[in-house]
Each structure stands twice: as structure tokens, then as C-alpha cells.
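Worksheet for the structure shown next.
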Amino acid sequence: MAAKEERSWLWRKVGFWFVPVRAGTLGPEEWAKVRKMSRTGKNRRTRRLFALLWVPALAFEIAVSLRMVRLDPWAGLISAAWLTVLMGLAVRACRIGFAQVSLEDRAVIEYGVEFDALKERQRGEVFQRAVRDGLFGRVKVDEHEAEQRLRAQGAAYRLLGPGLVVFVAGYWGVCLFGPFESTRSALAVTAVVVTWLSALVLAAPTMIRMWTQPDEPGETAGVAE
Amino acid sequence: MLIRNELVYTSIMSLHNRIAVLRAEKKLSRAMLASSVGVNPQTIGFLERGDYAPSLELAFKIAEHFGLPVEAVFSPRPFRTLSEQVYELHKREA
Chain A
54 MAAKEERSWL WRKVGFWFVP VRAGTLGPEE WAKVRKMSRT GKNRRTRRLF
104 ALLWVPALAF EIAVSLRMVR LDPWAGLISA AWLTVLMGLA VRACRIGFAQ
154 VSLEDRAVIE YGVEFDALKE RQRGEVFQRA VRDGLFGRVK VDEHEAEQRL
204 RAQGAAYRLL GPGLVVFVAG YWGVCLFGPF ESTRSALAVT AVVVTWLSAL
254 VLAAPTMIRM WTQPDEPGET AGVAE
Chain B
5 MLIRNELVYT SIMSLHNRIA VLRAEKKLSR AMLASSVGVN PQTIGFLERG
55 DYAPSLELAF KIAEHFGLPV EAVFSPRPFR TLSEQVYELH KREA
């Protein structure tokens with residue numbers, strides 16, 4: 054406990070939530086906070102909050118990239134690429150997070166006892182491993198994980214369909230009626246490309262199914278076999 | 005529309021199971037069962053809570069792990085409690 058007293062105010066209030074702790078250095082109150090924080094981070098309300106925050110984050114990315122592209126096209130490209138990488142890392146972190154079990158379950162899996170029954174050193178080790186796996190862990194794709202991904206992708210695609218149609222209609226509207234007299238024909242070319250790209254995306258699932266679906270076995274063939 | 009589809013899908017997929025009871029009987033943790041049937045520990049939790057209906061392959065693997073027929077572990081209708089069933093069996097025998 055003496056070591057705990059020596060820590061700064063910032064560490065005591067905030068730091069230990071984010072920094073992997075040295076084994077055997079937290080008190081019971083701090084462990085209670087760590088466990089509460091861990092549970093809060095995994096619950097549906099928090100996940101939905103992060104999902105909602107993703108929309109303004111995306112808007113921020115677009116705004117920054119647009120500002121940069123006005124300064125210099127290459128700066129715009131670098132900014133968009135960098136922000137896309139950051140977004141990709143965030144999505145990866147979310148996927149890894151789904152695969153992580155709670156600290157309590159970890160205690161049972163790794164030591165065969167409840168978290169409260171662990172020694173102080175073991176609690177520290179469980180937490181360290183949880184943080185390490187949360188940052189660098191791998192996701193084992195079992196049938197439940199695969200199904201969840203498929204359902205999420207299906208739902209995203211169902212949202213994307215009408216969204217793309219509205220986007221293409223809006224794009225054509227801006228191209229045809231916007232104040233771009235000098236560049237209208239060039240913009241119309243991009244509108245045609247956007248339209249056909251959207252059609253390609255929307256038709257892709259059916260095309261993939263046409264490519265992959267096996268031949269239907271006829272009734273007589275089925276009986277004969 | 006999206007949410008309605010999800011709800012319909014969930015209701016179609018509802019499947020009852022006795023995994024939690026069987027696990028308790030055998031003193032088996034979720035992780036042990038999960039590693040034995042080749043899934044994540046969370047998947048066993050989702051199965052027990054009824055949030056996920058397993059594939060036929062996984063259902064058979066789980067039933068095989070407990071040494072029971074698949075219909076003793078999974079059912080499309082809610083299971084009666086084991087105490088009810090044992091009581092009825094005793095009554096029938098008497």
C-alpha cells in the first residue's frame with residue numbers, strides 16, 4: 054500500500070485505468086474500479102455510444118481531408134490515407150474487443166477460481182494479459198463470430214443500398230443544377246462513373262451468388278442417387 | 005424494416021437448451037466446454053442465454069460432449085425442469 058500513496062493524483066484518478074499495472078500494486082478499491090470500468094467498456098450502452106460517435110468522427114475526417122485537398126491535392130491524399138488508417142485501427146480494436154472475455158471470466162479460465170479469490174499478484178497478471186490481448190490479441194472466428202459478422206454486413210448492405218441511391222440522385226442533382234457552368238460536363242462524367250460504381254456495388258451480391266451457387270439437383274437425380 | 009427483420013430472424017432462430025444445467029452437473033467451465041467443442045467461451049455464454057442458435061454441427065458436438073442425444077440438450081420448445089420430469093417419472097413408476 055505504501056507504493057500506492059507515492060503515486061501522483063493523475064495516476065490515482067485516471068492512469069491506472071489505461072496503463073498495464075505492475076503485478077501486486079493495486080488495492081481492493083482500485084480493483085473494484087478497474088472491474089467496473091472493464092464491464093462498462095464492454096456493455097451495450099457504451100458500444101452504442103461509440104457507434105454514434107463514429108458518425109461525427111467520420112464527418113471530421115471528411116472535413117479535414119477536404120480542407121487539406123484545397124491546400125494541396127497530395128496533402129489531401131496523405132491526410133485521407135492517414136485518417137483512413139486510424140479509422141481502420143479503431144475498427145480492428147473494436148473487433149478485438151468483442152473477442153475479449155471479462156476479467157472475471159479470465160480469472161476462471163486461467164486460474165480456475167473467481168477473481169476475488171485470486172492473489173494480488175495473479176490479479177495483476179490477469180489484468181496485464183487482458184490489456185495486452187485487448188491491444189494486440191487475435192480474434193478467433195468461430196461460427197458465432199462468423200454469423201455475427203455476416204449479419205452485421207448484411208444489415209450494413211441493406212442500409213447502403215438506399216443510401217447509395219439517394220447519394221447518386223443528389224450527385225446528379227448537384228451536377229446538373231449546381232453553379233458549375235465551366236466544369237459541368239466534367240462533373241457529369243464523374244456522375245456517370247459514380248452511378249455505375251454504385252450499380253456495381255448493389256448488384257455484386259447477386260452476381261457473386263450467380264457465380265458460386267451450385268446447380269440445382271433435379272428431383273429424378275435426387276431419387277436416383 | 006431492418007429492426008423488424010432482425011426480430012423476425014431472432015424469433016425463428018429461438019432454440020432452448022440445457023447447456024448451463026449440464027455444465028453445472030459436470031462442474032465444467034464455459035472455457036473448458038468451449039475448447040472441447042472448438043468455439044470461443046463467449047459463444048457458450050450466448051448459447052446458454054438463448055442469444056444464439058447453434059449450427060447442427062455445433063449442437064451435435066455439444067450433445068456428444070455430454071454423452072446425450074441432441075434432443076436431450078436442445079429443443080425448439082422450452083424444457084420442463086428436471087425436478088418436474090423426475091417427479092413425474094417416479095409417479096409413473098409407483
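Protein chains in written order, with the numbering used here: chain A, 54 to 278; chain B, 5 to 98.
Note that beta-carbon positions come from the ideal geometry of N, C-alpha and C, so glycine has one too.
For this session: Would you kindly report the start and end of the unbroken alpha helix (DSSP H) that includes Thr47/B?
Result: 45-53
Exercise. Looking at C-beta atoms only, is the number of pairs between the segment 188-198 of chain A and the segment 140-156 of chain A that lie closer than 8 Å three or more?
Worked result: yes
For this session: Sort out for me which residues DSSP pairs Phe78/B with in a bridge.
Result: Asn21/B
Exercise. With 8 Å set as the bound, which would you pick, yes or no: does the beta-carbon of Gln89/B sit closer than that to a beta-carbon of chain A?
Worked result: no
Problem set entry | Contact residues within the segment 111-137 of chain A, judged by C-beta distance below 7 Å to chain B | none
Problem set entry | Cross-chain neighbours of Ala205/A in chain B, by beta carbon under 8 Å | The premise fails here: Ala205/A is roughly 11 Å from chain B at the closest Cβ pair, so nothing lies under 8 Å.
Exercise. Gly223/A to Val254/A, Cα distance in whole Å?
Worked result: 18 Å
For this session: Helix, strand or coil for Tyr56/B, going by three-state DSSP, please let me know.
Result: coil
For this session: Taking Gly165/A as the reference, give the member of Lys31/B, Leu19/B, Ile23/B, Asn21/B with the closest Cα.
Result: Lys31/B
Problem set entry | Chain-ordered chain A contacts of Thr47/B [CB-CB under 8 Å] | Asp195, Glu196, His197, Glu198
Exercise. Is it right to say Met121/A is buried, meaning 16 or more other beta carbons lie within 10 angstroms of its own, or is it exposed?
Worked result: buried
Exercise. Apart from the five residues just before and just after Val90/B, which ones in its own chain have a Cβ nearer than 8 Å to its Cβ?
Worked result: none
Exercise. How about Val108/A: is its C-beta nearer than 8 Å to some C-beta of chain B?
Worked result: no
For this session: Could you list which residues in chain A have their beta carbon closer than 9 Å to that of Val99/B, in chain order?
Result: It is not possible to answer for residue 99/B, since the shown part of chain B is limited to 5 through 98.
Problem set entry | Rounded separation between Ala98/B and Glu92/B - CA only | 10 Å
Problem set entry | Sequence-distant residues of its chain with Cβ nearer than 6 Å to Glu59/A (five each side left out) | With a pLDDT of 49 at Glu59/A, under the threshold of 50, the predicted position of this residue should be treated as unreliable, though the coordinate-derived value follows. Counting only Cβ-Cβ distances below 6 Å, and skipping sequence neighbours, we find nothing.
Problem set entry | For Ser18/B and Ala57/B, believed in contact at Cβ under 8 Å, the rounded distance | 7 Å
Exercise. From the beta carbon of Ala244/A, is the nearest beta carbon of chain B less than 8 Å away?
Worked result: no
Exercise. Name the chain A residues that come within less than 8 Å of Leu62/B, Cβ to Cβ?
Worked result: Glu196
Problem set entry | 8 Å Cβ cutoff, Ser18/B in contact with chain A | no
Problem set entry | Inter-residue Cα distance where the pair is Arg148/A and Ser238/A | 43 Å
Problem set entry | Counted within 10 angstroms of its Cβ, other Cβ atoms place Ile48/B as buried (16 or more) or exposed | buried
For this session: Measuring alpha carbon to alpha carbon, tell me which of Ser39/B, Arg81/B, Phe64/B ends up nearest Glu163/A.
Result: Ser39/B
For this session: Residues of the segment 215-249 of chain A with a CB closer than 8 Å to any CB of chain B: list them in chain order, please.
Result: none
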